[in-house]
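Going by numbering that gives the first Met the number 0, the letters in the sequence shown line up with residues 0 to 286, in that order. All C-beta atoms, glycine included, are put in the ideal place defined by N, C-alpha and C. Have a look at the structure below before the remarks.
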Amino acid sequence: MNIEEYISSGILESYVLGQTSESENALITCLIKTNPSVAEEVRAIQDAFEFLALESSIQPPKDLKADIWREINSESETSIGSVSDNVNSINPQKEFASIDDKTKIITIQEITQKETKVVQLNWLKYAASFALIILSSSFALYFYFQNKDINQRFAELEKNSKTIEKSEKLKQDYLNFLAHNQTERIVLAGVPEKPNAKALVFWNKENKHVMISEVDLPETPKDMQYQLWAIVDGKPVDAGMLDLDSQGKLLEMKTIESSQAFAITLEPMGGSESPHLEDLCVIGNVK
């Protein structure tokens with residue numbers, strides 16, 4: 000898996016959400032330090048989470064605090080006035096003599112403490128609501144990236160399935176070509192100067208397709224390339240360039256209408272209009 004596939008796998012989103020294992024954390028931390036694209040992707044994911052959290056947050060009304068304290072002061076003044084009126088109407092000798100020991104006198108401090116508790120409870124409600132929104136957003140993001148990861152994996156599996164299907168069809172076409180009763184097998188043997196060189200050509204006389212395999216030729220210079228020729232009535236006809244990086248595979252070449260022999264020469268990169276016979280490597284006759 001290359002770095003682009005690793006980034007798109009969804010592992011970095013899990014890392015930011017704290018859902019990766021210790022070994023995965025160690026690997027991602029190393030990649031962040033050594034690979035700029037991974038570091039940039041992690042920063043982008045973190046920024047996206049932060050943006051969503053801020054977008055989902057609820058700010059309390061600007062006047063809430065002032066309204067609460069105004070209400071506290073109003074109730075405090077009312078309580079104080081009531082207490083003052085009661086005090087003025089009391090006959091100390093008569094009234095205090097009848098006060099029960101269990102009677103409780105409410106002070107301004109107690110009133111303030113009760114109102115403060117109300118304010119704290121209100122703020123706790125806002126904090127709980129905010130935490131619930133953040134939690135809901137986190138779950139939404141988690142399931143979004145999970146669904147994205149599943150879709151990506153499904154697309155990759157579908158792509159691999161099509162690739163395998165295409166490969167299997169190509170193999171079947173090659174087998175049908177090789178097994179066809181009009182396909183001739185021509186062995187190209189090395190010239191005296193290159194006795195170990197060899198190649199195997201398959202030519203179908205009916206559909207004129209040409210394929211080559213089992214190519215065993217010396218390594219070429221960087222500016223040179225092997226070229227396949229068909230010998231038609233004593234004249235060479237270009238049958239295509241060989242890609243030696245595909246040695247061991249069945250290579251499809253140009254179609255040839257008729258041929259008495261096939262040969263391979265070493266030519267300048269891109270091929271030649273006519274072969275350099277001094278660089279002839281292998282040759283074989285058609286039966």
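- DSSP places residue 203 in the uninterrupted beta strand (DSSP E) bounded by 197-203.
- Residue 172 has its alpha-carbon roughly 36 Å from the corresponding atom of residue 7.
- In chain order, 201 place their CB closer than 7 Å to the CB of residue 177, counting only its own chain and leaving out the 5 sequence neighbours on each side.
- Closest option to residue 267, judged by alpha-carbon separation, among 170, 241, 49 and 40: 241.
- Secondary-structure assignment with DSSP links residue 184 through a beta bridge to 201.
- The bridge partners DSSP lists for residue 210 are 201 and 251.
- Shown here, residue 1 sits in coil according to DSSP, grouped into three states, outside any helix or strand.
- With contacts defined by Cβ atoms closer than 8 Å, residue 257 and residue 226 do not form a contacting pair.
- Residues of the same chain with a CB within less than 6 Å of the CB of residue 250, apart from the 5 flanking positions on each side, are 211 in chain order.
- Across the structure, residue 27 and residue 214 are spaced so that their CA atoms are roughly 44 Å apart.
- If you draw a 10 Å sphere on the C-beta of residue 194, you find fewer than 16 other C-beta atoms in it, and that means exposed.
- Your pair residue 276 and residue 223 does not check out as a contact, with CB atoms roughly 15 Å apart and the cut at 8 Å.
- Residue 38 holds the alpha-carbon nearest to the alpha-carbon of residue 2 among 13, 38 and 221.
- Residue 216 carries a coil assignment under DSSP once its states are collapsed to helix, strand and coil.
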